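In my numbering, the protein residues as written are 327 to 588. Working notes for the structure below.
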Amino acid sequence: MDTRYALFFDIDGTLVSFKTHEIPPSTILALTQAKANGHHVYIATGRPPIIITNLGAIEHLIDGYITTNGALCFVGKEMVTCQPIPKSDVMTVVNDSKARGYSLIVVGLRDVAVLDPTGDVRRIFQQMLAVKNLDKASPLEQVLEQDILQLTPFFPADYEQQLMARLDHCISGRWHPEFTDITANGADKGKGILAIARHDGLDPAHTIAFGDGGNDSSMIRQAGIGIAMGNAIDALKQQADYVTTTVDDDGILNALRHFGIV
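Written as structure tokens, this is what we have:
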């Protein structure tokens, strides 16, 4: 019987510390040992590829990627899934952002546009989360010519409910109190796990997912074993099969030891 597992990791708050903006040494050790033991390592993030810039220490260990919360999945240079948002819903959010004056990140298939009238993108993404490459953002008109995979508006949860009621073909996954990620119906990290599993011939029951935020809920529930970080939101901990220690307290290493992966 094959005892190898496919391991799926969120980035921010799971692989990468919010405090240091780096992958803890214990996590690098754990993933290196997991790969040596024959297990697969995948990324499952809300980030689009252009801003996945903080995984250099483990990049050589990664077998594939779930990005933009499942809207774009790929293994090597091969696209596994691509699920764009219908243009009518895209324009509803873009026009609402302009009318109400909130910041918005528009993620296209190739490029990203940033509308930042409030400075929230700069303050949260670039200063608090140390996100790089947003200075390479493209004009909105250029990005809107592409398939749009994700919209990240900066507003509180109470307004999110009002806006989502106007979007017929979208879901929302919030992992920060000040913004949410909007993707097409059917695009989430849990479905990304299933798509990667089909592509790579993996048993979905032999998957383990690690996360900390609201947008990790679908994969925590979908995976054979769902693990919440010690720093995860309470709702995710309640859904998880196991709660480990925090990202800064060897959380991934401790969990992989607990389940005999390393």
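Just so you know, even glycine gets a beta-carbon here, dropped at the ideal spot from N, CA and C. Just so we're clear, the structure is a prediction, and the values are computed from it rather than from any experiment.
Secondary structure of residue i, DSSP reduced to three states
i           : result
residue 347 : coil
residue 368 : strand
residue 375 : helix
residue 445 : coil
residue 398 : strand
residue 472 : coil
residue 338 : strand
residue 435 : coil
residue 455 : coil
residue 535 : strand
residue 332 : strand
residue 493 : coil
Span of the beta strand (DSSP E) around residue i
i           : result
residue 552 : 551 to 554
residue 500 : 496 to 502
residue 586 : No beta strand (DSSP E) contains residue 586, which DSSP labels as neither H nor E.
residue 531 : Segment: none, residue 531 is in no beta strand (DSSP E) and carries neither H nor E.
residue 296 : The structure shown does not extend to residue 296, since the chain is modelled only from 327 to 588, so the question has no answer here.
residue 405 : 404 to 408
residue 540 : Note, residue 540: premise wrong, no beta strand (DSSP E); not H, not E.
residue 392 : 390 to 393
8 Å contact criterion, which residue i and residue j should meet: CB distance rounded
i           : j           : result
residue 542 : residue 336 : 5 Å
residue 552 : residue 565 : 7 Å
residue 510 : residue 409 : 5 Å
residue 463 : residue 440 : 4 Å
residue 477 : residue 411 : 7 Å
residue 345 : residue 576 : No, residue 345 and residue 576 are not in contact; Cβ-Cβ is about 14 Å, not under 8 Å.
residue 366 : residue 528 : 7 Å
residue 514 : residue 395 : 6 Å
residue 444 : residue 479 : Incorrect: roughly 11 Å between the Cβ atoms, too far for contact.
residue 481 : residue 534 : Rounded, the Cβ-Cβ distance is 33 Å, inconsistent with contact.
residue 349 : residue 383 : 5 Å
Residue i - containing alpha helix (DSSP H), residue span
i           : result
residue 519 : 515 to 526
residue 545 : 543 to 548
residue 420 : 413 to 426
residue 467 : 466 to 469
residue 485 : 483 to 490
residue 507 : Here residue 507 belongs to no alpha helix (DSSP H); instead the beta strand (DSSP E) covers 505 to 510.
residue 383 : Residue 383 -> no alpha helix (DSSP H), and no H or E assigned at all.
residue 561 : 560 to 565
Pair within 8 Å by beta-carbon distance, residue i and residue j
i           : j           : result
residue 332 : residue 518 : no
residue 500 : residue 418 : no
residue 406 : residue 438 : no
residue 455 : residue 338 : yes
residue 362 : residue 578 : no
residue 368 : residue 400 : no
residue 340 : residue 537 : yes
residue 504 : residue 450 : yes
residue 546 : residue 360 : no
residue 434 : residue 389 : no
residue 377 : residue 460 : yes
residue 416 : residue 429 : no
residue 544 : residue 512 : no
Residue i beta carbon near the ligand MG (any heavy atom closer than 7 Å)
i           : result
residue 330 : As far as ligands go, the structure on display features none, and thus does not contain the ligand MG.
Test: residue i CB closer than 8 Å to a CB of chain C
i           : result
residue 500 : Structure shown: chain C not included; a single protein chain is present.
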